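Each residue of the sequence shown is one higher than the one before, counting from 2 in the numbering used here. Cβ atoms here follow ideal geometry from the backbone N, Cα and C, with glycine treated the same way. Since the model is a prediction, treat every value here as computed from it, not as a measurement.
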Amino acid sequence: MTEPRRTRRRPVKTTGTIPPEGSAAALGRDHALPVRQWPITVVLLVVGAGLAVTWFADFKDGFKYGLLIVGAGVLLGALLRLVLPEVGMLAVRSRFTDVIVLTFLGLSIVLLTLMAQPNPWLDPPLLDNIGQLIGRPRR
């Protein structure tokens, strides 16, 4: 007769997870936390500056300049994740996944900002074609 198959039981408690590649602090423990984690600090400062420009801009198209700064901050995060060996808290998943996601989000923010109304700085003709398909008159 055959022996009954033993099934392996799942652990009741997770014992740990493996941190993503490059998630060690960029600088040693002898520095303060924001300095040790300088890559994410720089990205957050650039994005925060862009949000401040967007919020407080009282000139024409000021919000576009602010959102371009936000998009540039996200793209800066992708670049830092790509070239630096250790980026601390900027590392969330694998290096490949982080770079792809940050690049996609940054480019999306920049392209949508360039096409924002009124007076878009980028006017792809494809949008007019899509507009005609849904019944919008041509400009």
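- Item | For residue 110 and residue 68, the rounded distance between their alpha carbons | The sequence position of residue 68 within the sequence shown is 67, counting from 1. The sequence position of residue 110 within the sequence shown is 109, counting from 1. C-alpha separation (whole angstroms): 7 Å.
- Message: I'd like the span of the alpha helix (DSSP H) that includes residue 109, first residue to last.
- Response: Here residue 109 refers to the residue found at position 108 of the sequence shown. Counting along the chain, the alpha helix (DSSP H) containing residue 109 begins and ends at 96-115.
- Please report how far the alpha carbon of residue 14 lies from the alpha carbon of residue 123, in whole angstroms. Stepping through the sequence shown from its first residue, residue 14 is reached at position 13. Stepping through the sequence shown from its first residue, residue 123 is reached at position 122. Rounded to the nearest angstrom, the two C-alpha atoms are 53 Å apart.
- Task: Give the C-beta separation of residue 86 and residue 23 to the nearest angstrom, bearing in mind that I take them to be a contact with Cβ-Cβ under 8 Å.
- Result: Position 85 of the sequence shown, counted from the first residue, corresponds to residue 86. Position 22 of the sequence shown, counted from the first residue, corresponds to residue 23. Going by Cβ atoms, the distance from residue 86 to residue 23 rounds to 6 Å, so yes, they are a contact pair.
- Whole-Å CB distance - residue 84 paired with residue 48, under 8 Å assumed: Residue mapping note: residue 84 aligns to position 83 of the sequence shown, counting from 1. Residue mapping note: residue 48 aligns to position 47 of the sequence shown, counting from 1. Not quite, the Cβ-Cβ distance comes to about 19 Å (not below 8 Å), so this is no contact.
- Straight-line Cα distance separating residue 10 from residue 65: As a position in the sequence shown, residue 65 is number 64, starting the count at 1. As a position in the sequence shown, residue 10 is number 9, starting the count at 1. Distance between the alpha carbons of residue 65 and residue 10: 55 Å.
- So, residue 100 versus residue 82, is the Cβ gap smaller than 7 Å? The residue given as residue 100 occupies position 99 in the sequence shown. The residue given as residue 82 occupies position 81 in the sequence shown. Taking 7 Å as the Cβ cut-off, residue 100 and residue 82 qualify as a contacting pair.
- Span of the alpha helix (DSSP H) around residue 70: Here residue 70 is taken as the residue at index 69 of the sequence shown, counted from 1. Taken as a continuous stretch (DSSP letters only), the alpha helix (DSSP H) holding residue 70 covers 63-84.
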